[in-house]
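Counting from 15, one number per residue, gives the positions in the sequence shown under this note's numbering. Cβ coordinates follow ideal geometry from the N, Cα and C atoms, glycine included.
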Amino acid sequence: KGEVTRGIEVVEFACGIPQLMKGEYSEQVAGGIDAWSIRQALGVCVGITPFNFPVMVPMWMFPMAIACGNTFVLKPSERDPSASLLLAQLLTDAGLPDGVFNVVQGDKEAVDGLLHHPDVRAVSFVGSTPIAETIYATGCAQGKRVQALGGAKNHMVVMPDADIPQTVDALMGAAFGSAGERCMAISVVVAVGNVADQLVEALVPRIAALKITQGMDLSAEMGPVVTQVHKDKIAG
């Protein structure tokens, strides 16, 4: 629900795009010279999106691209392809013409095809840092506009005078929300001074009591991770 709500916020913003697309006019910027700026659509825009937010992240991209007069090709993660098809169906049901929003399923081969296709003018990517670097380099070499958002290693610093219950509450959400599979997840805690023992003492029972179950259960505090491979990596 939260993911969809965040995506709809972008749709609502995109509805006001005519105001931003008007361009500018300045009279007499120099002797006998007036200046105009005209904003024009690029053409085909591509979004390459991750598995962790299969609705929200595409909705960061395609509402703005389409509102600006472009067509859009979504290449979702192969780990959860169904959400992209549901988005496409909803857009069709809403009356969007065929060919404006498109979905291409696949893995690296599909990504390479899009990055090298001459009709693609812009690419937006969200995912891991190594892949972001590859997509940025490849896309730019092909003369495309590229926006590449990679991962992060997020740290929480706990000072000696920290409110321990409040800190533990914040840490539980930051570490285990979305099963920890998000770019803003906290994976490292730096305890300054003598606060570490207090923090561990308060944190351990909270982790032990964490309710882990399937994501459709609204009482769940942590759902399953995306693949068995990822589970094995966490288990070490």
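Would you check if the distance between the CB atom of PHE139 and the CB atom of ALA162 is smaller than 7 angstroms? Yes, the Cβ-Cβ distance between PHE139 and ALA162 is below 7 angstroms.
Per DSSP, the bridge partner or partners of TRP50: TYR39.
Kindly confirm or deny that the stretch 119-134 and the stretch 145-163 touch, where touching means at least three C-beta pairs closer than 8 angstroms. Touching, yes, given that three or more Cβ pairs across the two stretches are closer than 8 angstroms.
Measuring CB to CB, does LEU88 end up less than 7 angstroms from GLY61? The beta carbons of LEU88 and GLY61 sit closer together than 7 angstroms.
Go ahead and pull the three-state DSSP assignment for ALA102. In the three-state scheme derived from DSSP, where H, G and I count as helix and E and B as strand, ALA102 is classed as helix.
Helix, strand or coil at MET170 [DSSP, three-state]: Strand at MET170.
For chain B, is any of its Cβ atoms less than 7 angstroms away from the one on SER138? The chain inventory of the structure shown lacks chain B, comprising one protein chain alone.
If you pair each beta-carbon of the stretch 233-243 with each one of the stretch 103-119, do three or more pairs fall below 8 angstroms? With a cut-off of 8 angstroms, the stretch 103-119 and the stretch 233-243 do not count as touching, because too few Cβ pairs lie within range.
Roughly how many angstroms separate the alpha carbons of GLY57 and VAL160, rounded to a whole number? Whole-angstrom Cα-Cα distance: 14 angstroms.
Should GLY21 be labelled buried (16 or more other beta-carbon atoms within 10 Å of its own) or exposed? GLY21 counts as buried, since no fewer than 16 other beta carbons sit within 10 angstroms of its beta carbon.
When you compare each of ALA188, GLY120, ASP133 and PRO111 to LYS167 by their alpha carbons, which one comes out closest? The closest CA to that of LYS167, considering only ALA188, GLY120, ASP133 and PRO111, is found on ALA188.
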